[in-house]
Amino acid sequence: MNFKIPYEKELNPSQLEAVITTKGPLLIIAGAGSGKTRTLTYRVARLVEQGVEPNAILLLTFTRKASQEMLHRASSLLDNRCSRVSGGTFHSFANAILRNYPEEAGFKPGFTIIDRVDSESLIGMIRKDSKLVSKFHTFPRKNTLANIFGKATNKILPIEDVIAKDYPHFFITTEIITQMYKEYNSRKIEHNFLDYDDLLTHLHRLLSKNPELCQTIASRYHYIMVDEYQDTNKIQARILYLLAEARRNIMVVGDDSQSIYAFRGASFKNIMAFPQKFPGTKIIKLEENYRSVQPILNLTNQIIERAAEKYSKLLFTSKEGGVKPVLLSTDNENSQSCFVVREIKKLYENGIPLNQISILFRAGFHSFDLEVELSKAKIPFIKVGGFKFMESAHIKDVIAHLKVIHNPNDKVSWYRILLLLDTIGPKTADKIFNSITEKNIGTAGLSKITLKPKTAKSTARLKEVFTQIGSSRQSVCLMGETIIKYYTPILEKKYDDYPKRIKDLEHLAAIMERYDNLETFLADISLEPPNTSIDNTFTADYSENDRLILSTIHSAKGLEWHTVFIIWALDGRFPSVHALNSPEDLEEERRLMYVASTRAREKLFFIHPTYFYDRSSGMILGAPSSFIDMLPEKILKKKSI
DNA sequence: CCAGTATCCCTTTTT
DNA sequence: GGGATACTGG
Numbered sequence: 223m224n225f226k227i228p229y230e231k232e233l234n235p236s237q238l239e240a241v242i243t244t245k246g247p248l249l250i251i252a253g254a255g256s257g258k259t260r261t262l263t264y265r266v267a268r269l270v271e272q273g274v275e276p277n278a279i280l281l282l283t284f285t286r287k288a289s290q291e292m293l294h295r296a297s298s299l300l301d302n303r304c305s306r307v308s309g310g311t312f313h314s315f316a317n318a319i320l321r322n323y324p325e326e327a328g329f330k331p332g333f334t335i336i337d338r339v340d341s342e343s344l345i346g347m348i349r350k351d352s353k354l355v356s357k358f359h360t361f362p363r364k365n366t367l368a369n370i371f372g373k374a375t376n377k378i379l380p381i382e383d384v385i386a387k388d389y390p391h392f393f394i395t396t397e398i399i400t401q402m403y404k405e406y407n408s409r410k411i412e413h414n415f416l417d418y419d420d421l422l423t424h425l426h427r428l429l430s431k432n433p434e435l436c437q438t439i440a441s442r443y444h445y446i447m448v449d450e451y452q453d454t455n456k457i458q459a460r461i462l463y464l465l466a467e468a469r470r471n472i473m474v475v476g477d478d479s480q481s482i483y484a485f486r487g488a489s490f491k492n493i494m495a496f497p498q499k500f501p502g503t504k505i506i507k508l509e510e511n512y513r514s515v516q517p518i519l520n521l522t523n524q525i526i527e528r529a530a531e532k533y534s535k536l537l538f539t540s541k542e543g544g545v546k547p548v549l550l551s552t553d554n555e556n557s558q559s560c561f562v563v564r565e566i567k568k569l570y571e572n573g574i575p576l577n578q579i580s581i582l583f584r585a586g587f588h589s590f591d592l593e594v595e596l597s598k599a600k601i602p603f604i605k606v607g608g609f610k611f612m613e614s615a616h617i618k619d620v621i622a623h624l625k626v627i628h629n630p631n632d633k634v635s636w637y638r639i640l641l642l643l644d645t646i647g648p649k650t651a652d653k654i655f656n657s658i659t660e661k662n663i664g665t666a667g668l669s670k671i672t673l674k675p676k677t678a679k680s681t682a683r684l685k686e687v688f689t690q691i692g693s694s695r696q697s698v699c700l701m702g703e704t705i706i707k708y709y710t711p712i713l714e715k716k717y718d719d720y721p722k723r724i725k726d727l728e729h730l731a732a733i734m735e736r737y738d739n740l741e742t743f744l745a746d747i748s749l750e751p752p753n754t755s756i757d758n759t760f761t762a763d764y765s766e767n768d769r770l771i772l773s774t775i776h777s778a779k780g781l782e783w784h785t786v787f788i789i790w791a792l793d794g795r796f797p798s799v800h801a802l803n804s805p806e807d808l809e810e811e812r813r814l815m816y817v818a819s820t821r822a823r824e825k826l827f828f829i830h831p832t833y834f835y836d837r838s839s840g841m842i843l844g845a846p847s848s849f850i851d852m853l854p855e856k857i858l859k860k861k862s863i
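Plus 222 on top of the position in the first sequence (first one is 1) and you've got our numbering.
Right, here's the structure in full:
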């Protein structure tokens, strides 16, 4: 067969082998910067070029953006057929399948995806209803309960194991927590809710309990590719197995050294287990690094070499030159920020565009001081990760109105809406919710139920809104506008900082314009919530042109820049205090440091203050991150100012 | 039954 | 230094 794309020319031997091995199970161990995305892209193109029906290829990635980008690139390599490849995240894939087979999966059509905040609210309701909670001196709070439930689900462990291992101080409450977990699951069914974990577990259950249906679904996908396999959890691995076991045309790509999502149940051991699940797996390692200069690789190799458990690999490059990474000690937080600002100005004057520079940190709030200094210096920046806009109160308030329109059974959202109103508390909200669900009259039914005069007065405007929306089949955007208009006075009364929040709502309205279907809109914002901001207001559409990038390390996965600054490279912050007493957690912090430092092409800085009082732990921090402190001068230049 | 006040808690990363 | 929860008065 003659191929249009000159694969041999454009790929190195290992990459080429990965691309042309299209049959059978394939495991690619891809070191940082080894052209993993390139390999996946060419492989998609190759399959399509071989005549495989594009939608028979399933490309599962970590974010939707990643799959879109790959398919876009594949399209420009070959042709537009590549854009018809089925791609997305595990969660969005599960969402799509489950919406097609709700009954088989055991719930009503038109389910609502609930985020962490909603899930905690529901748990809070259960907790409040329980008379047993007050019998204990301490009982886990709703967010702790959510953590316990989540861990049990994602790691496929019984509740009691999770409590015994991670929450021994709550051991005597085990029985009640287990009871609440059951209650949580049945209430989700009652209100037609699926939380993030449910998307995966329900899909898994659907496939495993329904062999024929599983076969129907599996037979659609002749070729499966999974990116970032090190960050999948056990359930995801099982789903993949069910989808791929018949044809066995499955390729997974990952790097165990870059596994950074154990906190939500991911396990890099999936990589180790893959060849056992699929006997005859061909393993290919990509070890040539095309990203960083050798001095940076020398350092990153050292960081990861000390890891307890890994597939061994050693990255090398043929890139010449480069300078040694720098560890810089500054006296306090603000001098850390000022140093970064000064260096950025220098780089910019030397012709490095701002969008080729990034500042990385462990947690979203670590950049606050720096953001102030950047604003003072008039350096434009965009921040990625950390804060969750979709979970901020004003956004959730507006969305709640849309959610009850879509699913009138959504008790959490009804509560949220009703409690915004004067004289309405939990009890009244309960009554209203019950009469609406009993009569099954939807949101427009709010005006049909009998209320006390006082309550009727408080709900008057809301009734109007729902009647208006219910009678005229409005577009998503129009509904949104109606609700925002209704909500704005409430917002102004509730928050002193309302101008900023109104701006957020305008951005939300802009997103809504792109949708003609409410269900799709609600699912999308839950599954791929916007996580970028400019000037502290969230931004869905932006160009990174000439903007500095501030990002959490988790959100920097897969990206690269000319220069990378890692701030707060401070013991107790990075690694975080939370990880200090668990060797496993500490290993994850190490991998996180590895991910952060392998983002740099030419220049890499670690910065830390030498004196910092940490309010939360009451500790005084000052030592550099233990992952880099022990590195010799030969590898890391140490300076202080 | 709501709303306002005192107290306690914790505080990472994300689909 | 803030949010969530428990408590208390109207």
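For glycine and all other residues, C-beta sits at the position ideal for the given N, C-alpha and C.
Since this is a predicted model, take the numbers as computed values, not measurements.
- Judged by DSSP in its simplified three-state form, residue 445 adopts strand.
- Counting the other CB atoms within 10 Å of its CB gives residue 616 a total of 16 or more, which places it among the buried residues.
- Residue 607 places its beta carbon 8 angstroms or farther from that of residue 587.
- Beta-bridge partners of residue 830 (DSSP): 551.
- Distances from the CA of residue 769 to each of 326, 577, 303 and 381 were compared; the closest alpha carbon is that of 577.
- If you ignore the 5 residues before and after residue 293, its C-beta comes within less than 6 angstroms of the C-beta of 304, 305, 307 and 309, all in its own chain and listed in chain order.
- Where residue 473 is concerned, the enclosing beta strand (DSSP E) starts and stops at 472 to 476.
- With fewer than 16 other Cβ atoms from the protein chains shown falling within 10 Å of its own Cβ, residue 538 counts as exposed.
- Exclusion of the five residues before and after residue 466 leaves 446 and 472 as the residues of its chain whose Cβ lies within less than 7 angstroms of its Cβ.
- Residue 802 is not a Cβ neighbour of residue 846, given a cutoff of 8 angstroms.
- In the structure shown, residue 836 falls within a strand segment according to DSSP collapsed to helix, strand and coil.
- For the pair of segments examined, the stretch 505 to 516 was found to touch the stretch 247 to 267: the number of CB pairs separated by less than 8 angstroms reaches three.
- The beta carbon of residue 859 lies closer than 6 angstroms to those of 546 and 548 in the same chain, with the five residues before and after it left out.
- DSSP places residue 844 outside both helix and strand once states are collapsed to three, so it counts as coil.
- The Cβ atoms of residue 786 and residue 344 lie no closer than 8 angstroms to each other.
- If you keep only unbroken alpha helix (DSSP H) runs of at least 4 residues inside the stretch 649 to 733, you get 675 to 693 and 698 to 716.
- Unbroken beta strand (DSSP E) runs of no fewer than 3 residues, entirely contained in the stretch 310 to 398, are found at 334 to 336, following chain order.
- In summary, residue 775 is buried, with 16 or more beta-carbon neighbours lying within 10 Å of its beta-carbon over all protein chains present.
- Taking 8 angstroms as the cut-off, the Cβ atoms of residue 518 and residue 826 count as close.
- Per DSSP, the unbroken alpha helix (DSSP H) holding residue 619 starts and ends at 615 to 628.
- A residue is called buried when at least 16 other Cβ atoms come within 10 angstroms of its Cβ; residue 454 meets this threshold and is buried.
- Taking the Cα of residue 347 as reference, the smallest distance to any Cα among 374, 649, 243 and 395 is reached at 649.
- Beta-carbon to beta-carbon, residue 311 and residue 285 are separated by about 6 angstroms, close enough to satisfy the 8 angstroms threshold.
- Residue 818 carries a helical assignment under DSSP once its states are collapsed to helix, strand and coil.
- Collapsing the DSSP output to three states places residue 407 in a helix.
- Of the residues assessed, residue 567 falls on the exposed side of the cut-off, its CB having fewer than 16 other CB atoms within 10 angstroms.
- In the structure shown, residue 488 falls within a strand segment according to DSSP collapsed to helix, strand and coil.
- According to the DSSP secondary-structure assignment, residue 787 is paired through a beta bridge with 581 and 827.
- Nearest to residue 521 by alpha-carbon distance, out of 675, 750, 570 and 544, is 544.
- In summary, residue 594 is exposed, with fewer than 16 beta-carbon neighbours lying within 10 Å of its beta-carbon over all protein chains present.
- Scanning 710, 699, 772 and 562 for the CA closest to the CA of residue 603 turns up 772.
- Taking a C-beta distance under 8 angstroms as the contact criterion, residue 778 and residue 580 qualify as a contact pair.
- Counted as a single uninterrupted DSSP element, the stretch harbouring residue 574 is not any beta strand (DSSP E), since DSSP gives it neither H nor E.
- Under the three-state reduction of DSSP output, residue 429 falls in the helix class.
- For residue 417, the uninterrupted beta strand (DSSP E) run begins and ends at 415 to 417, by DSSP.
- Beyond the five residues adjoining it in sequence on each side, residue 459 comes within less than 6 angstroms, by CB distance, of 492 in the same chain, given in chain order.
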